[in-house]
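In the numbering used here, the protein residues as written are 12 to 551. Where a beta carbon is used, it is the ideal one built from N, C-alpha and C, also for glycine. What follows is a set of notes on a single structure, which appears directly below.
In structure tokens, the structure reads:
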């Protein structure tokens with residue numbers, strides 16, 4: 012029980028939660044916040060390990076932050092304490108005295124992974140020795156050169172014969188015997204060249220066959236050990252049943268993600284179940300410099316990821332009383348849908364915050380379903396564009412397919428002008444600018460986006476400051492492109508404004524709402540051909 016930490020703060024006045032934290036969307040329980048504060052104090056003063064978090068010098072290219080987590084637990088005597096964990100490795104190690112151990116330690120020198128890694132390293136040395144052997148390099152060079160020469164000679168012979176055939180065709184010669192002889196000559200010439208290079212090829216392949224066999228052996232060992240490692244990741248749940256990574260991901264349509272099982276939450280729950288501790292509340296936070304691709308702010312809380320952790324935690328949480336998803340509860344709250352403008356061709360709708368544009372997997376109520384009910388005669392896809400569930404403001408709806416196509420063309424041609432208002436959690440040093448950061452889906456944590464210069468789609472946002480009050484900045488945002496979460500990512504990312512929107516539960520911190528509002532839209536009316544602008548007052 013060395014990993015169970017007693018609270019040094021007074022927690023007597025804090026009541027226990029009725030249920031365990033829903034880990035994928037939560038506000039940390041007060042007990043978890045106290046545990047986090049104590050862990051962060053430890054991180055500020057500890058001398059147990061050395062890791063460059065980049066807190067004092069965030070411009071240091073070698074610095075990198077880390078996700079940490081706490082799990083408040085109760086022992087059989089009813090006493091409260093907490094466990095701590097870090098994601099992946101810390102200071103190039105998987106185990107440190109203040110933190111719970113990994114579910115499976117891939118760095119254990121006596122473990123299957125390390126043993127196979129050492130075996131593959133020996134194979135690599137053999138491959139390196141053969142690949143750099145003077146005789147192998149000589150034979151490879153000579154064989155490659157001769158092979159290329161023979162290929163050129165054969166092509167030249169084929170070219171000459173093709174030229175002769177073309178000449179005979181122009182002369183309308185009936186001599187087919189020449190064609191047969193020529194084809195026989197080419198085949199014989201190819202056999203001759205192959206026979207001539209054969210002794211050299213056999214000498215070369217003595218080495219190459221050994222190298223290829225070693226590479227195949229290395230590949231087979233790597234594939235085998237990967238499956239063995241997946242088997243070694245054995246996850247307990249509150250009911251006492253166990254599943255490994257192969258069991259957990261067998262029915263999913265995805266490969267097992269790299270690093271699955273090494274995040275904070277699985278480590279914490281595993282240790283609790285192994286030592287008969289009852290989980291009470293959990294919280295995870297980022298400490299230090301953010302990664303360059305995704306949004307991470309120092310000391311901000313973040314939920315468990317959907318790609319790696321959700322399948323694992325779905326198993327591990329069985330048998331626990333867990334809070335319902337607060338987001339679903341919010342979406343099920345009755346909301347009014349305001350019609351700002353209407354004619355016989357289109358509608359301008361003011362979508363409330365935390366309301367879907369289109370039906371989701373678990374929630375049917377949405378702008379689309381409401382419009383379908385209110386306008387049963389309307390045809391076509393209806394929604395010309397969408398807003399994020401958490402964003403409020405103007406949404407354009409077409410009443411028939413032709414109007415929908417005409418409006419969509421304006422979006423594709425980038426002639427539609429949209430203006431958003433956002434309230435940012437901090438002060439900006441400049442008054443305006445342009446953000447150009449390509450975005451793609453975070454495959455390990457849907458629906459979040461990441462900055463990716465290799466596979467991301469171009470995303471451009473213009474911005475300007477409206478006012479600064481109480482260390483908060485209200486800005487206008489003008490999306491030039493329309494990528495998912497574009498505005499939220501561009502303002503929150505360290506390469507953008509590095510100042511998240513207040514209430515952004517994905518890229519910042521939760522509040523009463525996401526303070527992002529689609530305030531105005533300008534487009535050409537498909538029927539009147541007049542340019543029109545609609546504005547809805549910002550509610551914050």
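For residue 34, the closest of 296, 222, 130 by C-alpha to C-alpha distance is 296. The count of Cβ pairs closer than 8 Å, one atom from the segment 71-89 and one from the segment 291-310, reaches three, so the stretches are in contact. In summary, residue 464 is exposed, with fewer than 16 beta-carbon neighbours lying within 10 Å of its beta-carbon over all protein chains present. Note on residue 501: 16 or more other CB atoms within 10 angstroms of its CB, so buried under the neighbour-count rule.
Judged by DSSP in its simplified three-state form, residue 496 adopts coil rather than helix or strand. Taking 8 Å as the upper bound for CB-CB distance, residue 232 and residue 131 are in contact here, some 6 Å apart.
For residue 535, the three-state secondary structure derived from DSSP is strand. Setting aside the 5 residues that flank it on each side, residue 316 is surrounded in the same chain by 274, 455, 456, each with a C-beta closer than 8 Å to its C-beta; the list follows chain order. For the 7 Å CB-CB criterion, residue 93 and residue 81 form a contact.
When secondary structure is reduced to three states using DSSP, residue 347 falls in the coil class, being assigned neither helix nor strand.
Per DSSP, reduced to three states, the secondary structure at residue 208 is helical.
For residue 380, the enclosing alpha helix (DSSP H) covers residues 378-385. In this structure, residue 291 lies near residue 83, with their beta-carbon atoms less than 7 Å apart. Residue 272 has its alpha-carbon roughly 17 Å from the corresponding atom of residue 329. In the pairwise beta carbon analysis, the segment 503-517 is classified as not touching the segment 414-423: fewer than three pairs are separated by under 8 Å.
In chain order, 31, 249 place their CB closer than 6 Å to the CB of residue 331, counting only its own chain and leaving out the 5 sequence neighbours on each side. Between residue 358 and residue 395, the C-beta gap is not smaller than 7 Å, which leaves the two residues out of contact. Non-local C-beta neighbours of residue 411 in its own chain, meaning closer than 6 Å and more than five positions away in sequence, comprise 390, 391, ordered along the chain.
Taken in chain order, the unbroken stretches of alpha helix (DSSP H) that lie wholly in the segment 297-366 and span 4 residues or more are 320-327, 337-342. Assignment of residue 22 by DSSP, reduced to helix, strand and coil, places it in the coil class. Under DSSP, residue 31 forms a beta bridge with 333. DSSP, reduced to helix, strand and coil, places residue 202 within a helical segment of the structure shown.
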